[in-house]
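I have placed the structure first, in the form of structure tokens, so that the comments after it can refer back to it.
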Amino acid sequence: MVVTTVHSPGATVANPFSVVPRLDEDLARVEQRLLEATATDNPAMTAMARHLLLAGGKRIRPSCCLAAASLGAPVGEGSGASAATIDAAAAIELVHLGSLYHDDVIDHAATRRGVPSVNARWDEATAIVSGDFVLAQASVLSTTAGAGITALLASTIGRLCDGQLLELESQFDTGRTAERYRASALGKTAALLETSCRVGALCGGAEPDVIDVVAAFGRSYGIAFQLLDDVIDLTATVEEAGKPTSHDMAQGVYTLAVIAALGSADGDRLRSLLRPGAGAAERDEALAIVRRGPWIDDVIGEAAAHAGAAADALDHLPPRPGLVGFRAAADQLVRSVDGIRRS
Ligand code: GRG
318 MVVTTVHSPG ATVANPFSVV PRLDEDLARV EQRLLEATAT DNPAMTAMAR HLLLAGGKRI
378 RPSCCLAAAS LGAPVGEGSG ASAATIDAAA AIELVHLGSL YHDDVIDHAA TRRGVPSVNA
438 RWDEATAIVS GDFVLAQASV LSTTAGAGIT ALLASTIGRL CDGQLLELES QFDTGRTAER
498 YRASALGKTA ALLETSCRVG ALCGGAEPDV IDVVAAFGRS YGIAFQLLDD VIDLTATVEE
558 AGKPTSHDMA QGVYTLAVIA ALGSADGDRL RSLLRPGAGA AERDEALAIV RRGPWIDDVI
618 GEAAAHAGAA ADALDHLPPR PGLVGFRAAA DQLVRSVDGI RRS
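Under our numbering, read the sequence shown as residues 318 to 660, first letter to last.
Okay, structure coming up:
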């Protein structure tokens, strides 16, 4: 099997929202607030809190927020996002960052955003505490946008935890169902993208139906994003993905293609190979079984359907400046789906 193009939804692709007028200026204001929010009297804490922030990242979630903020009543030409929107967008990136700190502890990940993870650079306790600090700063910053936005972000953190817990409960469970997989993806990945869009639209004063439509975009986009991330983990080489691959299966995280393969005629053999502590040869054979069948193509098809649903939602949004960003984001996903070709 050959992967001709890898558009990792997580690593190699530029921010599609950069086509939105003024987005770069607004993102620069978000960056400034992120630095301010992570400045402390303790140089060690500041370094830990800024470690992944300074390492990069595409800033998709704050971009969703900024683009969605333009969906309300038109504001004067040349004026940027409100201070409340900027702080909300920065708070959203901090929630994402805090989740990455904790995720890397759970996964024992060595790298993130091309640099050593916080747990690798310092240690796990440090990563947990500095991740908590980053989340606390997200709450503080979001209050500029009002208590309703702070509450929405807090409940979204809860959804991330629910999604992650569902995944942990299914670790090394060869009976994991597709429904439980989808519920986990909805919580751990789609929830924050949905909320990023909703928060922006709320900050911009959009109509309730517009808020719901852009939130639905974020949800579909998020599910497609996670499905593609999982496919890349199963199909790409280390060089193509820019990170260790086949990591999920080794960690006992059985994603949709593996779940489908387990339900097939190859299921018994696959189940016997997927035992905790399996050696490299067993893992290679398990991966070969999953790659051989139709299941990865089926997941790519499901991702395409979600990317299509995201694109369709955009037909119901008003023609405001942010719309081109959402279109570009949906197009990028559709191209990612097309780019992952199996032979
Ligand atoms: C306490 C907030 C909190 C969460 C605890 C650990 C956890 C529960 C949830 C895991 C959430 C998680 C990390 C999901 C993966 C989402 C994902 C696909 C991240 C990659 O996003 P990109 O590609 O990354 O946008 P960059 O680096 O560009 O920002």
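Glycine included, every Cβ here is placed at the ideal spot set by N, Cα and C.
Which residues does DSSP pair with residue i in a beta bridge?
i, result
"residue 428", "433"
Buried or exposed for residue i, please, with buried defined as at least 16 other CB atoms from any protein chain shown within 10 angstroms of its CB.
i, result
"residue 489", "exposed"
"residue 374", "buried"
"residue 329", "For residue 329, the pLDDT reaches just 48, beneath the cut-off of 50, and the residue's location in the model is therefore unreliable, although a value from the coordinates is still provided. Exposed, by the Cβ-count rule."
"residue 633", "exposed"
"residue 554", "exposed"
"residue 318", "With a pLDDT of 25 at residue 318, under the threshold of 50, the predicted position of this residue should be treated as unreliable, though the coordinate-derived value follows. Classification of residue 318: exposed, given that the 10 Å Cβ count is below 16."
"residue 513", "buried"
"residue 371", "exposed"
"residue 655", "exposed"
"residue 485", "exposed"
"residue 526", "exposed"
"residue 611", "exposed"
"residue 636", "exposed"
"residue 511", "buried"
"residue 536", "buried"
"residue 359", "exposed"
"residue 447", "buried"
"residue 327", "In this prediction, residue 327 scores a pLDDT of 39, lower than 50, which makes its location untrustworthy; the coordinate-derived value is nonetheless stated afterwards. With 16 or more Cβ atoms within 10 Å of its Cβ, residue 327 is classed as buried."
"residue 332", "buried"
"residue 361", "exposed"
"residue 592", "exposed"
"residue 427", "exposed"
"residue 589", "exposed"
"residue 487", "buried"
"residue 353", "exposed"
"residue 615", "exposed"
"residue 334", "buried"
"residue 646", "buried"
Have a look at the options and flag the residue whose alpha-carbon is nearest the alpha-carbon of residue i.
i, options, result
"residue 502", "526, 482, 424", "482"
"residue 432", "417, 355, 517", "417"
"residue 445", "573, 424, 430, 463", "424"
"residue 649", "624, 447, 351", "624"
"residue 456", "428, 414, 435, 438", "414"
"residue 540", "478, 388, 621", "621"
"residue 350", "537, 631, 402, 565", "402"
"residue 449", "367, 569, 522, 347", "367"
"residue 389", "335, 520, 332", "520"
"residue 338", "384, 543, 347", "384"
"residue 469", "516, 496, 498", "516"
"residue 571", "600, 355, 640", "600"
"residue 495", "574, 568, 564, 452", "574"
"residue 531", "629, 651, 427", "629"
"residue 391", "335, 640, 548, 462", "640"
"residue 549", "584, 333, 608", "608"
"residue 498", "647, 638, 569", "569"
"residue 581", "459, 396, 492", "492"
"residue 522", "443, 462, 363", "462"
"residue 454", "543, 377, 363", "363"
"residue 597", "626, 566, 579", "566"
"residue 396", "615, 340, 471, 509", "340"
"residue 638", "369, 518, 412", "518"
"residue 406", "435, 547, 376", "376"
"residue 547", "645, 506, 579", "506"
"residue 439", "336, 369, 551", "369"
"residue 460", "412, 627, 408", "408"
Cβ-heavy atom distance between residue i and the ligand GDP below 6 Å?
i, result
"residue 514", "Inclusion of the ligand GDP in the displayed structure is not the case, the ligand content consisting of the ligand GRG alone."
Round the Cβ separation of residue i and residue j to the nearest angstrom and send it over; I've been treating them as touching at under 8 Å.
i, j, result
"residue 617", "residue 657", "6 Å"
"residue 347", "residue 410", "7 Å"
"residue 479", "residue 504", "5 Å"
"residue 606", "residue 587", "5 Å"
"residue 474", "residue 452", "7 Å"
"residue 604", "residue 563", "5 Å"
"residue 398", "residue 386", "5 Å"
"residue 344", "residue 404", "Not quite, the Cβ-Cβ distance comes to about 13 Å (not below 8 Å), so this is no contact."
"residue 534", "residue 631", "6 Å"
"residue 545", "residue 509", "Incorrect: roughly 16 Å between the Cβ atoms, too far for contact."
"residue 642", "residue 380", "7 Å"
Counting contacts by CB-CB distance shorter than 7 Å, is residue i in contact with chain B?
i, result
"residue 336", "The structure shown contains no chain B; it holds only a single protein chain."
- prompt: Which ranges does the alpha helix (DSSP H) cover as unbroken runs of at least 4 residues, wholly within the stretch 566-595, from first to last along the chain?
  reply: 573-579, 584-590
In chain order, each alpha helix (DSSP H) run of at least 4 residues that lies wholly inside the stretch 458-537: 464-486, 495-502, 508-520
task: Ignoring anything shorter than 4 residues or poking outside the stretch 590-625, list the alpha helix (DSSP H) runs there in chain order.
output: 597-609
- request: Enumerate, from N- to C-terminal direction, the unbroken alpha helix (DSSP H) stretches of 4 or more residues contained entirely within the stretch 378-425.
  value: 400-424
message: My parser needs the alpha helix (DSSP H) runs of 4 or more residues fully inside the stretch 329-366; what are they?
response: 340-354
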